[in-house]
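Residue numbers for the sequence shown follow this note's numbering, so the first one is 102 and each next one is one higher.
Each residue gets a CB set at the ideal place from its N, CA and C atoms; glycine is no exception.
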Amino acid sequence: MTDKILTSIDGAIGRIVFNQPEKRNAVSLEMWLAVDAALDRYAADDNVRVVILSGAGGKAFVSGADISKFESERASEEAVAHYNETTARVYSKVHGFPKPVIAQIDGFCVGGGAALAVCCDIRVCGEGSQFAVPAAKLGLGYAYAGLERLVALVGPAFAKEIFFTADRFSAEDAKVMGLVNRVVPDGEVEAFCTAMANRIAGNAPLTVGSVKFIVGETVKAESDRDLQKCADLVKACFDSQDYIEGRRAFMEKRKPNFIGA
């Protein structure tokens, strides 16, 4: 395990911190593999109900790939394929994670960092945050899956603007586009995300998980939607102990204690 990825569990919140602030949290293959493993642990841990991704140092969320590692990590076609497969797997795992994932964005969110943020369910940034996907300035190709997720989030017009111009966008620009959910004062992003995560964690996990899955199905082609699973997840909510607990807590005017079953 690398010290460039820090993980911790704070109550019901699983945290993953990209810890390379001297490089604006640029990510190496070793770091992607560590994130992959952390996600697996958090998915299997019933005590973890929400995951927060963040960058160390307060200057950047993630600024993309660690170029200094390219010679060692992309020295052959096989190595390039392994790197690309790993990053694609992590993006897909974040996007399809069974629990809510929040991107806590301080400062720069660039390239692969922007792609990672798009995979999250909720994005919160500071007023001074900046966003960019400079692929067109580097001559890079961009995979279908990443563009599909971006278009689902901001729509075709803004997706084209982001890529065609390769401009740097402000936090306010990102909010207008729908790229972020919330813009908060710099220095308050972590507290805001933690409070939001705790509110989510206090709600019924089966309801939250079912809504995450169903929302994901709505943006798929009609022929690809698993409507039966959607119906099964809704039924599971109504059949659960948490539904009984929620009704009782409402009638008794107390906070419910949901167990996820």
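Nearest neighbour of residue i, chosen from the options [CA to CA]
i              : options                        : result
asparagine 299 : Phe119, Asn148, Asp274, Pro122 : Asn148
valine 211     : Val181, Tyr245, Asp268         : Asp268
alanine 139    : Phe198, Glu323, Gly256, Gly227 : Phe198
valine 152     : Glu178, Ile168, Ala113, Val290 : Ala113
Reduced DSSP category for residue i - H, G, I as helix; E, B as strand; rest coil
i                 : result
leucine 241       : coil
threonine 103     : coil
phenylalanine 162 : strand
alanine 233       : strand
cysteine 338      : helix
phenylalanine 351 : helix
arginine 250      : helix
lysine 317        : A small correction: the amino acid at residue 317 is glycine; lysine does not occupy that position in the sequence shown. In this structure, glycine 317 counts as helix in the three-state DSSP scheme.
Sequence-distant residues of the same chain with beta carbon closer than 7 Å to residue i, five excluded per side
i             : result
glutamate 318 : Arg326, Asp327, Cys331
arginine 250  : His196, Val219, Cys220
glutamate 341 : Reading off the sequence, residue 341 comes out as serine, not glutamate. Here the set comprises Leu307, Ala362.
arginine 360  : The residue asked about is misnamed: residue 360 is isoleucine in this sequence, not arginine. These residues qualify, in order along the chain: Gln342, Asp343.
Own chain partners of residue i with C-beta closer than 6 Å, once the 5 adjacent residues on each side are dropped
i                 : result
phenylalanine 119 : Asn126, Gly156, Val163
Chain-order list of residues whose beta-carbon lies under 8 Å from that of residue i (same chain, five-residue window excluded)
i              : result
glutamate 293  : Here residue 293 is phenylalanine; the residue named in the question, glutamate, does not match the sequence. Val225, Arg283, Val285.
alanine 350    : Lys356, Pro357, Asn358
lysine 160     : Pro122, Arg125, Asp207, Gly208, Phe209
glycine 279    : Leu254, Val255, Gly256, Phe259
isoleucine 106 : Ile117, Val118, Phe119, Asn120, Met132, Ala135, Val136, Ala139
Closer than 9 Å to chain D by CB, residue i
i             : result
aspartate 287 : Included in the structure is just one protein chain, with no chain D present.
Report yes or no: do the region 221-240 and the region 183-203 share at least 3 C-beta pairs separated by less than 8 Å?
yes
Which runs of the beta strand (DSSP E), 3 residues or longer, sit entirely within the region 254-309?
-> 283-285
Is the region 181-189 touching the region 127-137 in the sense that three or more CB pairs, one from each, lie closer than 8 Å?
yes
Quick check: the region 302-316 against the region 229-239, are at least 3 beta-carbon pairs closer than 8 Å?
no
query: Going along the chain, which unbroken runs of the beta strand (DSSP E) with 3 or more residues stay wholly within the region 183-222?
result: 202-206, 209-211
Report task. Kindly provide the ranges of any beta strand (DSSP E) runs that are 3 or more residues long and lie completely inside the region 109-157, ordered along the chain. Result -> 114-119, 151-156
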